[in-house]
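The sequence shown begins at 0 in numbering that gives the first Met the number 0 and counts up one residue at a time.
Here is the structure we will look at.
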Amino acid sequence: MANYYVSADGSDSNPGTATLPWRTANKVRSFSFSTSDCVYFRCGDTFYPSGIISAWGGTSGSPNVIGAYYMDGGSVVHGVDGNRPIISGNNYQVPENKLHGDRESYRGLIHVRSKDYVHIKNLHILESGYYGIRVVGNLDAGTNSAHFLIKNVKTEGSYSDGIQSVYNANNYGFIEDCEVLGAQYGWHVGARSGWGGGIGTVSSPYSNITIRRNYIHHSWGEGILTIRPGQSGFNGGYATIEDNIVWNNRRVDIYIDRTEGNILRRNLLLGAGAGVVGSYSSTSRDGRGWNQFGIWINLEQRAGDMLSISNNSVYNNLISGHYAGMGISSEYDEGIIENVFFYNNTLIGNRVNITVGSRLSGYTMTNVEFKNNISYCPQDTISQDTGTQQSWWASKIAWYNNAWTTAPTHASGANDIVFDGNLAKTTGWQDLVAPISANNFKLLEGSNARNAGMDLST
């Protein structure tokens, strides 16, 4: 195991030590690293690789680190002082895409393929020509990129996803403490027909990935997504998505599609007011559908895919300022939805706080529950508690102990209350100009929603 260093005033003829560092990212690309070797880019410098940087892998005791360093006197320190080092795709040119060529590369500016124990930390990935960071397995070969860590990385302006894990079964990876902004630029400029997200886990059965404490905003697609079956007979999923702030994204802040075993908890999801530069009005519509959903669980129509969603739990999330706060739907007229739970969420000032797709009327739906949620429509919004209510809601969905502005006809259940709106923040919910604190959602002393929920511990 060896450490190598890169700085803007180094030389590629140097040995790559802290005192005699390399100069370019292309030296990193061309060098033959050994397992558990580490490379560190100097803080405050910018590097322009001519192609992708491929990770080489490590071990549980000695991970391969691609990270940052700075000098403290004559001593090298691994970490950040001032600005993170920038790895630049040079205005979306690297890796290749249809903006600057005739093909899509489908690679990350930093690319991990079937390598274990790769840690990517403390970097700024700028204007990647495809993915900012992509972690890839191979389902056909039975290989994966396991136990990866992406931490304190900023991806800004990627052509596709900022960070993605794909075809990566049982990876037990972590994406944490990152900032992802301006993802899906390719869709924005019309170079791509579809969209992804800021952070995505895709086609990865039993991924066991954790996505936590990230800040995802101003994406032209989703904020966070977990989608699609990983292979025949398996659904993707098993992601824990927690403690993230997701703000002002073009489509859905957290999107779950044809996957199972996901946990979504303690996320703060916010739209943005019309006065914010680059905001997406939560009540407008374009040719691709309504803008801005909070949490959406959906069965998209894809030939050959499994038609099921199961064992997803959505709880303790705070959602405001979207077209739709949270809901469940399908693009099919058939399928199976079972064991999907929405508990203890607070929804304030969305155009529609809670909604259910009408095509689900013919579905096999078992154990779909909305319990202990607060839906509030303050006076300064045009929002409503529920949208497109259907008479079958009461027969297919369990509604208990929810607090409503006005009790819905087909969504009300046992021990519901009409919420008194006694909150820390009572106005301006659809005029947000910056992310707000979770404390704004706090129930004040004397609120009738305090202690009005049911015990869900059993």
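Using N, Cα and C, we set each Cβ at its ideal position, and we do this for glycine too.
A quick note: this is a predicted structure, and the numbers were derived from the prediction, not measured.
Cα-Cα, which of the options is closest to residue i?
i	options	result
residue 447	352, 86 and 418	418
residue 52	215, 34, 409 and 93	93
residue 438	318, 219, 167 and 371	318
residue 25	141, 50 and 316	50
residue 314	298, 271, 372 and 356	372
residue 220	212, 185 and 202	185
residue 33	0, 44 and 8	0
residue 269	90, 259 and 294	294
residue 132	69, 113 and 161	161
residue 311	341, 333, 299 and 332	341
residue 22	2, 45 and 35	45
residue 337	359, 207 and 17	359
residue 223	246, 244 and 199	199
residue 58	16, 157 and 146	146
residue 67	10, 393, 454 and 20	20
residue 187	98, 410, 177 and 62	98
residue 174	120, 15 and 75	120
residue 391	409, 193 and 384	409
residue 192	137, 159 and 201	159
residue 140	112, 346 and 75	112
residue 197	246, 203 and 171	246
residue 321	440, 8 and 346	346
residue 209	256, 244, 148 and 183	148
residue 240	445, 9, 176 and 364	176
residue 334	72, 298, 366 and 395	298
residue 194	218, 414 and 211	218
residue 171	203, 157 and 183	203
residue 4	100, 362 and 69	69
Distance check for residue j and residue i, CA to CA, integer angstroms please.
i	j	result
residue 407	residue 354	11 angstroms
residue 343	residue 369	9 angstroms
residue 144	residue 442	43 angstroms
residue 253	residue 13	46 angstroms
residue 122	residue 77	12 angstroms
residue 402	residue 452	9 angstroms
residue 374	residue 271	19 angstroms
residue 6	residue 400	59 angstroms
residue 249	residue 114	33 angstroms
residue 324	residue 348	9 angstroms
residue 125	residue 87	5 angstroms
residue 292	residue 81	35 angstroms
residue 327	residue 263	14 angstroms
residue 258	residue 108	27 angstroms
residue 455	residue 31	54 angstroms
residue 384	residue 65	47 angstroms
residue 351	residue 90	38 angstroms
residue 440	residue 449	13 angstroms
residue 420	residue 404	8 angstroms
residue 251	residue 181	14 angstroms
residue 470	residue 428	The first residue shown for the chain is 0 and the last is 457, placing residue 470 beyond what the model contains.
residue 17	residue 110	24 angstroms
residue 267	residue 8	42 angstroms
residue 48	residue 431	38 angstroms
residue 63	residue 426	49 angstroms
residue 28	residue 201	26 angstroms
residue 416	residue 138	49 angstroms
Are the CB atoms of residue j and residue i within a distance shorter than 8 angstroms?
i	j	result
residue 265	residue 242	yes
residue 378	residue 357	no
residue 95	residue 128	yes
residue 153	residue 83	yes
residue 412	residue 397	yes
residue 215	residue 165	no
residue 236	residue 213	no
residue 54	residue 117	yes
residue 207	residue 169	yes
residue 130	residue 163	yes
residue 296	residue 255	yes
Under DSSP, the beta strand (DSSP E) around residue i begins and ends at which residues?
i	result
residue 386	383–386
residue 397	397–399
residue 186	Where residue 186 is concerned, there is no enclosing beta strand (DSSP E), although the alpha helix (DSSP H) it sits in stretches over 184–187.
residue 75	74–77
residue 245	244–246
residue 257	That residue, residue 257, is in no beta strand (DSSP E); it is neither H nor E in DSSP.
residue 141	That residue, residue 141, is in no beta strand (DSSP E); it is neither H nor E in DSSP.
residue 17	No beta strand (DSSP E) holds residue 17; DSSP gives it neither H nor E.
residue 71	63–71
residue 422	It is not in any beta strand (DSSP E) - residue 422 carries neither H nor E in the DSSP assignment.
residue 2	2–5
Which stretch, first to last residue, makes up the alpha helix (DSSP H) that contains residue i?
i	result
residue 26	24–29
At least one CB of chain C closer than 8 angstroms to the CB of residue i: is that the case?
i	result
residue 56	Of the protein chains in this structure there is only one, and it is not chain C.
Hey, would you say the C-beta of residue i is under 7 angstroms away from at least one heavy atom of the ligand ADP?
i	result
residue 424	In terms of ligand content, the structure shown is empty, and the ligand ADP therefore cannot be addressed.
Is it true that the stretch 96–110 meets the stretch 33–42, where meeting means three or more beta-carbon pairs spaced less than 8 angstroms apart?
no
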